[in-house]
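Numbering (mature numbering (1 follows the signal peptide of the UniProt record, and there is no 0)), first residue to last: -26 to -1, 1 to 312.
Note that beta-carbon positions come from the ideal geometry of N, C-alpha and C, so glycine has one too.
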């Protein structure tokens, strides 16, 4: 009996090992390219990886961090990523330039972008921007700003001075600009951490000014969507990613710890990333609902309208792509997996 039991246990262990080996071998590989360095802005993906949500869907996901010298569009155009995180303005401009990007999910349904100004500069309303120096992020992030200035009738170089802002808050701290670009979950808090008080600052959220555009969404190459196997794989990716985001919104501190563990620079803190996660959650109003990640066509077309009418004589995009730059196919397939 002992020998027979040992034999059976051996068979069971062998079967389990074979199953695990098969699952590992069968895991579908997905490469995700982020827009920026590891931080709570991307917490849902890191949480999905750390909590095993991707593995549960049979996926082997590689998350590539971004940086100042990394263009997600160039990465996916070179087929070094299956999917990227990008903002819709940059994706549409890139599409018009020849990279066939298509939005398959919109995790952030609100914009976190703001202009943050020192009250001491005399700015109380957007009308007070005239004659001032304003810090602006480029690399695709400038599009909504120029649309806003166009609506205000303020011409760069004439009515306002544009300071090409790095991804830091130095221009405001050093009084090189009256206002700078910030995100509600990141740079604004860098100003507070640097010693400025909230009552010394005034924020102009793009969302409130009616010039917001869609930010962190997921994009793939349009031709890839013609492959049913790719659509199926990405549906699993969306399902697991949404699970990661839902968890991160409910457990901001745990999500922060996961993000900090991914930061090779060691600059992140759990406290700082928890605060960021709490503010990121405000931009994902569909978290923990069946509609998380669903791209609202009205918001999509509103962003297109912003881009068509920004920059005066030199709009960001010259032609309306219609619905060609968005698809609910993968989202719908992911919803069926729930």
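Use the C-beta contact count for residue 85: other C-beta atoms within 10 angstroms, 16 or more gives buried, fewer gives exposed. buried
Looking only at its chain, what residues have a beta carbon closer than 7 Å to the beta carbon of residue 136, apart from the 5 residues adjacent to it on each side? 108, 110, 130
Per-residue DSSP class, three states only, for residue 44: coil
With a threshold of 8 Å, are at least 3 pairs of Cβ atoms found where one atom belongs to the segment 27 to 42 and the other to the segment 3 to 18? Touching, yes.
Tell me the DSSP secondary structure of residue 70 in three-state form. Helix, per DSSP.
Of the residues 302, 303, 280, which one's Cα is nearest the Cα of residue 293? 280
So what's residue 193 in DSSP terms, helix, strand or just coil? strand
With the cut-off set at 8 Å, would you say residue 87 and residue 193 are in Cβ contact? no
Is the segment 145 to 152 in contact with the segment 5 to 22, if contact means three or more CB pairs nearer than 8 Å? no
Burial state of residue 165, where buried means 16 or more other Cβ atoms lie within 10 Å: buried
Can you check whether the CB of residue 65 is closer than 8 Å to the CB of residue 214? no
What did DSSP end up calling residue -3 once you bin it into helix, strand or coil? With a pLDDT of 49 at residue -3, under the threshold of 50, the predicted position of this residue should be treated as unreliable, though the coordinate-derived value follows. Helix, per DSSP.
Enumerate in chain order the residues of its own chain whose CB-to-CB distance from residue 134 is below 8 Å, with the five nearest sequence positions on each side excluded. 103, 104, 105, 106, 107, 108, 123, 128
From 28, 68, 26, 79, pick the residue whose C-alpha is nearest to that of residue 305; which is it? 79
Start-to-end residues for the alpha helix (DSSP H) that takes in residue 157: It is not in any alpha helix (DSSP H) - residue 157 instead sits in the beta strand (DSSP E) that spans 153 to 157.
Three-state secondary structure (DSSP) at residue 295? coil
Would you mind stating whether residue 176 and residue 93 have Cβ atoms separated by less than 8 Å? yes
What are the boundary residues of the beta strand (DSSP E) that residue 100 is part of? No beta strand (DSSP E) holds residue 100; DSSP gives it neither H nor E.
Inter-stretch contact (C-beta, 8 Å, three-pair minimum) for the segment 59 to 73 and the segment 229 to 245: no
Using DSSP bridges, identify the partner residues of residue 34. 3
In chain order, what residues of the same chain have a beta carbon less than 7 Å from the beta carbon of residue 205, not counting five sequence neighbours either side? 199, 303, 304, 307
Residue 14 (DSSP reduced to helix, strand or coil): helix
Which stretch, first to last residue, makes up the beta strand (DSSP E) that contains residue 137? 135 to 138
Thinking residue 40 and residue 81 are a contact (beta carbons under 8 Å), I'd like their distance in whole angstroms, please. 16 Å between Cβ atoms; not a contact.
Taking buried to mean at least 16 other C-beta atoms within 10 Å of its own C-beta, is residue 226 buried or exposed? It counts as buried.
Below 8 Å between beta carbons: does that hold for residue 99 and residue 162? Taking C-beta atoms as the reference points, residue 99 and residue 162 fail to come closer than 8 Å.
Using the three-state DSSP reduction, which class does residue 77 fall into: helix, strand or coil? strand
What span of residues does the alpha helix (DSSP H) with residue 208 cover, start to end? 202 to 224
Round the Cβ separation of residue 8 and residue 50 to the nearest angstrom and send it over; I've been treating them as touching at under 8 Å. About 12 Å separates the two Cβ atoms, so there is no contact after all.
Which of helix, strand or coil does DSSP assign to residue 233? helix
In whole angstroms, what separates the C-alpha of residue 74 from that of residue 195? For residue 74 and residue 195, the gap between their C-alpha atoms comes out near 6 Å.
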